[in-house]
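Below is one structure, written out as structure tokens; comments come after it.
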Amino acid sequence: MSDQIAQRVRAATREVPDFPSIGIGFKDITPVLADAALTADAIGAMSGPFEHEAISHVVAIESRGFIFGMPIALRLGASFVPARKPGKLPWKTVSESYALEYRADVLEMHQDALGAGARVLIVDDVLATGGTAAAAARLVTQLGGVVVALTVLSELTFLGARERLPFPIHSLVRYDV
Ligand code: AMP
281 MSDQIAQRVR AATREVPDFP SIGIGFKDIT PVLADAALTA DAIGAMSGPF
331 EHEAISHVVA IESRGFIFGM PIALRLGASF VPARKPGKLP WKTVSESYAL
381 EYRADVLEMH QDALGAGARV LIVDDVLATG GTAAAAARLV TQLGGVVVAL
431 TVLSELTFLG ARERLPFPIH SLVRYDV
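In this note's numbering, the protein residues as written are 281 to 457.
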């Protein structure tokens, strides 16, 4: 069942070469989102394995992580927590920086976003090098939470994020090249 959904997501995802910079093959998910039935199935497949994991909070990464994070949080009966780019959150924040290809970036969360012992599922659209997910996980740990897993629509396995991330990863579609 989830194999079929993965095939449909793969077929609908548009690869845009050299966006946003030369050498990047961008996974454009807007054709997936344009298909309501497929999006619903994809959200079910991303959240299904965590239905019995007592997830208390879904931490979604700005901005495409929000698209999947909110419906996954509702399905799991969990709180939705946005992890945002700097300067966007209005209340007191904690922050973590991480390296991108040509620059460093920062993710922030509200200081009161998690209670101690929170069981967190991190959500994003694409897992590439894993730097963004690692920063989100450090924010969770800073606030006393436990990262149960990361769930993503697509994983670029050739970038080796799995070897770097110390928590389980669930990906619906995997690109090996
Ligand atoms: P990384 O930190 O390298 O794992 O990058 C993951 C973040 O960058 C996610 O929030 C993705 O939305 C975005 N991203 C990285 N590579 C791609 C790609 N090839 N296509 C679409 N989004 C990407």
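Glycine included, C-beta positions come from ideal geometry on N, C-alpha and C.
Just so you know, these numbers come straight off a predicted model, no measurement behind them.
Contact belief for residue i with residue j at Cβ below 8 Å, rounded distance in angstroms
i: residue 346; j: residue 353; result: No, residue 346 and residue 353 are not in contact; Cβ-Cβ is about 10 Å, not under 8 Å.
i: residue 295; j: residue 303; result: Between residue 303 and residue 295 the Cβ distance is about 13 Å, and since that is not below 8 Å, they are no contact.
i: residue 406; j: residue 432; result: 6 Å
i: residue 413; j: residue 430; result: 5 Å
i: residue 379; j: residue 411; result: 6 Å
i: residue 338; j: residue 366; result: The Cβ separation is near 21 Å, so there is no contact.
i: residue 376; j: residue 344; result: Not confirmed; about 19 Å, so no contact.
i: residue 403; j: residue 348; result: 5 Å
i: residue 394; j: residue 289; result: In fact, because the Cβ distance is near 30 Å, the residues do not count as touching under 8 Å.
Outcome for residue i when other beta-carbon atoms lying within 10 angstroms are tallied against a minimum of 16
i: residue 281; result: exposed
i: residue 330; result: buried
i: residue 283; result: exposed
i: residue 443; result: exposed
i: residue 332; result: exposed
i: residue 383; result: exposed
Check: residue i C-beta below 6 Å from any heavy atom of ligand 3
i: residue 387; result: In the structure on display, ligand 3 does not appear, and the ligands it does have are ligand 1.
Identity of the residues DSSP links to residue i by a beta bridge
i: residue 365; result: Looking at the DSSP assignment, residue 365 forms no beta bridge with any residue, so it has no partner.
i: residue 396; result: DSSP, once it has assigned bridges, lists no residue as partnering residue 396.
i: residue 376; result: 387
i: residue 337; result: 359 and 400
i: residue 458; result: The chain is shown from 281 up to 457; residue 458 falls before or after that span and cannot be answered.
i: residue 442; result: Note: residue 442 sits in no beta bridge, so no partner.
i: residue 451; result: 432
is_contact[residue i, chain C] using C-beta, thresh 7 Å
i: residue 422; result: You won't find chain C in this structure, because it holds only one protein chain.
Query raised in the report: Would you call the stretch 397–415 and the stretch 424–432 in contact, with 3 or more CB pairs under 8 Å?
Result: At 8 Å Cβ cutoff, the stretches touch.
Report task. Examine the Cβ distances between the stretch 311–329 and the stretch 354–363 and report whether three or more of them are shorter than 8 Å. Result -> Segments in contact, yes.
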